[in-house]
Amino acid sequence: MKEILQKYEPVIGLEIHAQMKTKTKAFCRCSTEFNAPSNSNVCPVCLGHPGVLPVLNEELVNFILKMGLATNCKIKERSIFARKNYFYPDLSKGYQITQFETPICYGGYLDIELKDDTKRKIGITRIHMEEDAGKSIHDFSDDESLIDFNRCGVPLIEIVSEPDIRTIEEATTYLNKVKQLLVYLEINDGNMEEGSLRCDANISIRKKGEEKFGTRTEIKNLNSFRNVADALEAEFNRQYEVIESGDKVYYTTMTYDATLKKTSPLRSKEEAHDYRYFPEPDLVYVEVNENKLESIKNELPELPEEKKLRFKKDYLLPDYDINILVQDKELSNFYEQVTSNLATKNEKTFKTSSNIILSEVLRVLNDEKIDLKNLKLKPVNISELIGFVSRNEINNNTAKDVFNEMFTTGKNASEIIKEKNLIQVSDDNLIIEIINKIILENKSEADRYKSGESKLKGVLVGKIMKESKGKANPQKVNELLDKLIEN
Ligand code: ADP
Ligand code: MG
Ligand code: ZN
């Protein structure tokens with residue numbers, strides 16, 4: 457791909473569908489519960505029986521307005537719904553209610569930050585409301601398909617970006633930012649694997665330096681970050697081959713096969729007139745007045761950017777730590793619970809808390825493949841452990857060992873430290889005794905260190921720490937070793 461990138465550039469726009477965590481469906485009172493028995497959350501409205509009337513769920517409007525405000529969108533005072541007509545077995549109405557000409561949110565943007573610290577602004581064309589279709593189940597038997605209508609009428613919002621994205625990293629960073637906001641706003645669970653967040657990726661390519669966009673294709677239903685990245689790369693390469701061979705790219709809907717790592721055409725791309733859009737006659741206008749907007753603004757929770765600033769101010773952490781902690785709402789909450797339980801709150805204990813979470817907590821979550829909410833260790837257990845470090849009773853390395861012991865045995869830090877007699881030795885006389893012993897036993901290393909081979913200090917400190925069973929206060933060991941060597 458590297459060589460192609462010297463000649464060609466991808467132009468990418470994403471359409472992200474996010475299932476809203478409203479209690480009930482978009483236009484009826486059926487539950488949106490995910491694991492309900494098939495066809496149990498249905499009623500005449502979402503099944504599309506003749507003569508029924510849809511009623512818009514106000515919670516859905518509140519949710520989309522939150523996302524609109526969080527992505528700097530303008531809000532339409534008056535928007536309407538449309539019918540998008542198409543036949544699909546799991547769409548019994550024969551049309552989907554969606555917003556077409558007047559999306560409720562439009563003209564927004566998100567700032568993204570890339571790995572090399574460059575910032576990019578990605579435009580958001582529109583965010584609109586629509587309903588999901590049911591689910592066809594084909595793998596139940598060889599000669600029958602089943603249909604589950606529970607998902608029919610479940611509310612979605614579709615977030616459409618401008619074709620402002622120029623690299624695959626930008627695409628996944630933008631997608632991640634959208635996901636992060638949805639989760640912070642508590643309107644979507646951010647779960648791509650379960651399909652509550654789905655992405656269609658549009659891509660075209662053009663010669664470097666050229667103004668005009670090429671013809672795009674749209675890759676449907678990508679359900680992981682990996683797939684978005686891989687599908688875009690595969691499609692970029694495919695379009696490159698097509699163009700280099702003298703052919704042209706056609707406006708097509710593509711599908712991506714993750715095992716073959718290949719995109720292939722699904723159908724020629726449908727155009728708006730294929731759907732015979734017309735205004736939904738059964739629904740009134742959606743009106744958003746100043747009061748409504750004001751109350752939604754007041755309900756907005758703290759968003760990632762504000763949280764980062766607060767973490768910097770309140771906890772004096774380095775940006776690196778802040779970015780990882782704030783990336784995940786749960787993780788940042790966990791951090792704040794740990795720090796709120798600390799007996800001594802200062803820059804050092806805040807940083808130690810972050811160290812334990814970023815190195816130890818994240819490692820066990822990853823090793824055990826569990827979520828933070830399934831972690832048996834509670835924030836208060838970790839605060840206790842950090843107390844020992846801040847009182848200089850154990851050092852950072854011992855803290856890591858104790859953490860692991862806490863994780864495997866479920867015991868408290870104090871129990872483990874007492875049982876294993878881990879309180880560190882800060883008594884000068886005891887440490888001097890150990891240092892003298894090690895200097896005697898390692899005469900040549902000690903002499904070489906004295907004559908200026910500074911790298912030998914590490915060796916000596918290591919031996920001293922080992923002799924003390926890891927309990928010597930490392931700072932004292934360092935100081936005292938130098939004093940004793942001088943003599
Ligand atoms: P459709 O309903 O046909 O998918 P939308 O307007 O919902 O159309 O979405 C079009 C998407 O394609 C947007 O994300 C937009 O940024 C992107 N797009 C438009 N033109 C191009 C292009 N030439 N190359 C790449 N992406 C494009
Ligand atoms: Mg589309
Ligand atoms: Zn219903």
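Under the working numbering, the first residue of the sequence shown is numbered 457, with each subsequent residue one higher. Where a beta carbon is used, it is the ideal one built from N, C-alpha and C, also for glycine. Every value quoted in this text rests on a predicted model; they were computed, and no experiment measured them.
Please report how far the alpha carbon of Glu-727 lies from the alpha carbon of Lys-748, in whole angstroms. Using only the alpha carbons, I get a separation of about 35 Å.
May I ask whether a heavy atom of the ligand ZN can be found less than 8 Å away from the beta carbon of Leu-509? If you check the C-beta of Leu-509 against the ligand ZN, you find no heavy atom less than 8 Å away.
Please name the residue in Leu-525, Glu-889, Asp-903 and Leu-896 whose C-alpha comes closest to that of Val-933. Glu-889
Identity of the residue in Gly-702, Met-648, Lys-663 and Arg-672 nearest Ser-680 by Cα: Met-648
Of all Cβ atoms in chain C, is any one closer than 9 Å to the Cβ of Lys-725? The chain inventory of the structure shown lacks chain C, comprising one protein chain alone.
Rounded distance between the beta-carbons of Ser-815 and Asn-848, thought under 8 Å: Beta-carbon to beta-carbon, Asn-848 and Ser-815 are separated by about 20 Å, too far to satisfy the 8 Å threshold.
Taking only heavy atoms of the ligand ADP into account, decide whether any of them is closer than 8 Å to the Cβ of Val-467. yes
Terminal residues of the beta strand (DSSP E) in which Cys-561 lies: 561 to 569
Would you mind sorting Leu-973 into buried or exposed? The rule is 16 or more other CB atoms within 10 Å of its CB. Beyond the ends of the chain as shown, which are 457 and 943, falls residue 973; an answer cannot be given.
Let's test the definition: count the other Cβ atoms within 10 Å of the Cβ of Ala-538 and tell me whether it reaches 16, buried, or not, exposed. buried
Quick check: does the Cβ of Ile-553 come within less than 8 Å of any heavy atom belonging to the ligand ADP? Every heavy atom of the ligand ADP is 8 Å or more from the Cβ of Ile-553, so no.
Using a threshold of 9 Å, state whether the C-beta atoms of Gly-550 and Thr-527 are closer than that. no
Do Arg-654 and Asn-677 have their CB atoms nearer than 9 Å? yes
What is the DSSP secondary structure of Lys-939, counted as helix, strand or coil? helix
As assigned by DSSP and simplified to three states, the class of Cys-502: In the structure shown, the three-state DSSP call for Cys-502 is helix.
For Arg-904, the first and last residue of its enclosing alpha helix (DSSP H): 899 to 906
Contact defined as beta carbons within less than 8 Å: I believe Asp-738 pairs with Pro-510. What is the distance between those atoms, to the nearest angstrom? 6 Å
Stretch-stretch touch, CB-based, cutoff 8 Å, three pairs: the stretch 802 to 818 with the stretch 845 to 861: yes
Would you mind sorting His-584 into buried or exposed? The rule is 16 or more other CB atoms within 10 Å of its CB. Buried.
Ile-531 and Glu-557: beta carbons closer than 9 Å? no
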